[in-house]
Amino acid sequence: MAKNLLQVSEQLLILKPPSSTITNQQKQKQKQKQIQIQSCLNRRQFISQTNMGMAASSVSISLLLRLLVPAAAAAKPQQREDEEDSLSDWERVYLPIDPGVVLLDIAFVPDDFNHGFVLGTRQTILETKNGGNTWVPRSIPSAEDEDFNYRFNSISFNGKEGWIVGKPAILLYTSDAGDTWERIPLSSQLPGDMVYIKATGEKSAEMVTDQGAIYVTSNRGYNWRAAVQETVSATLNRTVSSGISGASYYTGTFNTVNRSPDGRYVAVSSRGNFYLTWEPGQPFWQPHNRAVARRIQNMGWRADGGLWLLVRGGGLYLSKGTGVTEEFEEVSVQSRGFGILDIGYRSEEEAWAAGGSGILLRTTNGGKTWTRDKAADNIAANLYSVKFINDRKGFVLGNDGVLLRYLG
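Numbering (the numbering used here), first residue to last: 1 to 408.
Right under this line is the structure:
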C-alpha cells in the first residue's frame, strides 16, 4: 500500500510544474489528467491491487476502531446518565387526544392492573391494556346519544364493577371490567354537579356533588340514599355565629373534595376561606377555620391518617397528629413560587407533590422534608393530580393532555 501511494504521489508531483511557466491550456490538461488518475484509484480497484494493500488496510481500520470505540464508549454512559437525570422516576406518556384536554382521573381494574382508564374534559375516555404504556380512545355509545361535551370527573372500580360520573350529570356503570358501559338514569333534582364516585362493594357506590351532597347505593345505582341530612349552606347558616371565618362568602360549592380509605371526607370551600370534614354517620358537614393566612388550594389525607393542606402560592402544611384537627405546621418546600396542587402517597413515608409549571416534589420521611425532582421541568403544563394505584404503579395528570407514568 505504501508503494502504491508513493507512485501516486510521484505522478501527482510530476503533473505540478512551476506556476510561473504554466499556461491556462496546460492547467486544463493537467486537471483532466489528475481526475483520470484519481478515478482509477476507486475503492474496488484499490482493495484488489495487492494482498499487501488489503493487510495494510485491515491494520489501518483496526487502529482506527481502537481509537474510536473507547471514545464512543466513554461518551455513551454520559449520555445515558443525562437521560436518566432528565427522566428521573417518571416518564411522559403521549396520548392520542387534543392538546387542550385536561386529565381528571385514572383507575385500574383490581383484578388486572394492566387494564385501566383515564378520564378528562372534552368527553375524553382512554383505555390501556398494558399497564399504562400506551392508551387508545374509548367510545361509549350511551354517552354519545345527546349533543353534550361531557367532562368526566371521576372513575372507580371494585372487582369488575366500575363507575364513572361527569358533568353535565351523567353516571356510567360496568359489570365486566369496562368492556361495556351502561348509563344509569339520574334525577334532575340532584343538587350540584357530581365530582367524585367511589366503588365500595358489590353493586354499591358512594357519590359526592360539588354542593356537598353524599349519596350511597347498593343496587347498581337504581336507588340512592342521602348520607348527609342538610346542605352545606344550611349548615353554615346554622353555625355562622360559631365564628367560621369566610362562611358569609361561601358560594355554595366545593373547590376540591378528597376521601380517605376509611370513608372520611375533607373538602375546601370554593374561595378557599375554610374547609369542611365529614365522617360516616354524621348528619352534616363540619366546617373548620383555616389555620393559615393564605387561602387554601387543596386538602387531602396522609397515609398515616393525618391531613395535608396546600395554600395558594406554594405553601404546604401538615396537621399535628392524625385525624381531623385545626392545628397545622408549615413544611419548607422549594416550589419556585408555583402553586402545589396535589399530593399522592406511595407509602406511609414516601409521597409526591405536583403543581404549576411542571413542579414535582418528593418526600421519603412522611412529609417532613421535600426535594424537587426535575422530571417535568421541561413540560409546559400544570400538574393537577397524583394517583398511586399501588406502590409500583403511579401517575401524574395535568392539562394539555399531560400524563406522567411512575418508573420507580
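Where is the CB? At the ideal position from N, CA and C, for every residue including glycine.
Which listed residue (the options) has its alpha carbon closest to that of residue i
i: Phe338; options: Thr371, Tyr406 and Gly314; result: Gly314
i: Ile164; options: Ile359, Pro99 and Met207; result: Met207
i: Phe284; options: Asn273, Tyr265 and Thr235; result: Thr235
i: Gln282; options: Arg290, Gly263 and Arg295; result: Gly263
i: Ala380; options: Gly358, Glu349, Thr369 and Lys387; result: Gly358
i: Asp98; options: Leu360, Val136 and Asn114; result: Val136
i: Asp89; options: Ala375, Asp391 and Ile389; result: Ala375
i: Thr322; options: Leu310, Leu95, Ile340 and Glu348; result: Glu348
i: Gly131; options: Leu103, Asp112 and Arg122; result: Asp112
i: Asn149; options: Thr134, Ala169 and Ser156; result: Ala169
i: Gln229; options: Thr256, Pro280, Met194 and Pro185; result: Pro280
i: Gly305; options: Pro287, Leu316 and Asn258; result: Asn258
i: Ser419; options: Thr121, Trp224 and Gly116; result: No answer is possible for residue 419: it lies beyond the span of the chain, which begins at 1 and ends at 408.
i: Arg295; options: Thr134, Ile184 and Val311; result: Val311
Which of helix, strand or coil DSSP assigns to residue i
i: Val402; result: coil
i: Arg183; result: strand
i: Tyr143; result: Reading the sequence as shown, one finds Ala at residue 143 and not Tyr. Helix, per DSSP.
i: Tyr94; result: coil
i: Ala55; result: Below a pLDDT of 50, predicted positions are generally treated as unreliable, and Ala55, at 42, falls in that range; no measurement from the model is reported.
i: Thr217; result: strand
i: Ala247; result: helix
i: Ser332; result: coil
i: Gly358; result: helix
i: Ile197; result: strand
i: Val109; result: strand
i: Phe338; result: coil
i: Asp373; result: strand
i: Ala177; result: coil
i: Gln124; result: Going by the sequence as given, residue 124 is Thr instead of Gln. In this structure, Thr124 counts as strand in the three-state DSSP scheme.
i: Leu478; result: Residue coverage of the chain in this structure runs from 1 to 408, which leaves residue 478 outside it and unanswerable.
i: Leu119; result: strand
i: Lys387; result: strand
i: Lys136; result: Here residue 136 turns out to be Val, not Lys, going by the sequence shown. Val136 falls in the strand class under three-state DSSP.
i: Leu407; result: coil
i: Thr256; result: strand
i: Val311; result: strand
i: Asn365; result: coil
i: Gln211; result: coil
Cα-Cα separation, residue i to residue j
i: Gln297; j: Arg271; result: 9 Å
i: Ser269; j: Thr251; result: 8 Å
i: Tyr345; j: Gly401; result: 23 Å
i: Ala213; j: Thr180; result: 28 Å
i: Ser385; j: Leu397; result: 5 Å
i: Gly356; j: Ala267; result: 21 Å
i: Lys393; j: Ile343; result: 15 Å
i: Asn273; j: Ser319; result: 17 Å
i: Gly201; j: Asn158; result: 6 Å
i: Thr174; j: Tyr222; result: 14 Å
i: Asn114; j: Trp301; result: 26 Å
i: Ala227; j: Asp377; result: 43 Å
i: Phe46; j: Val93; result: With a pLDDT of 40 at Phe46, under the threshold of 50, the modelled position of that residue is not reliable, and no figure is offered here.
i: Asn390; j: Ser154; result: 18 Å
i: Ser187; j: Pro110; result: 30 Å
i: Arg336; j: Ala143; result: 41 Å
i: Glu127; j: Glu182; result: 17 Å
i: Phe388; j: Leu309; result: 19 Å
i: Arg220; j: Lys368; result: 42 Å
i: Ile197; j: Ser260; result: 13 Å
i: Thr418; j: Gly100; result: Because the chain spans 1 through 408 in this model, residue 418 falls outside it and cannot be assessed.
i: Glu146; j: Ser218; result: 28 Å
i: Ser156; j: Val331; result: 32 Å
i: Thr363; j: Val195; result: 28 Å
CB of residue i within 8 Å of CB of residue j, strictly
i: Val216; j: Leu403; result: no
i: Arg151; j: Lys167; result: yes
i: Thr239; j: Gln211; result: no
i: Val292; j: Phe254; result: no
i: Ser233; j: Asn289; result: no
i: Trp370; j: Val324; result: no
i: Leu172; j: Ile140; result: yes
i: Ala199; j: Glu161; result: yes
i: Leu361; j: Trp352; result: yes
i: Glu91; j: Arg405; result: yes
i: Thr256; j: Tyr265; result: no
> Counting only runs that start and end within the segment 219-244, where is the alpha helix (DSSP H) found for 4 or more residues in a row?
Replying inline: 232-239
Please specify which runs of the beta strand (DSSP E), each continuous and at least 3 residues long, are wholly inside the segment 145-175, giving them in chain order.
-> 151-158, 161-167 and 170-174
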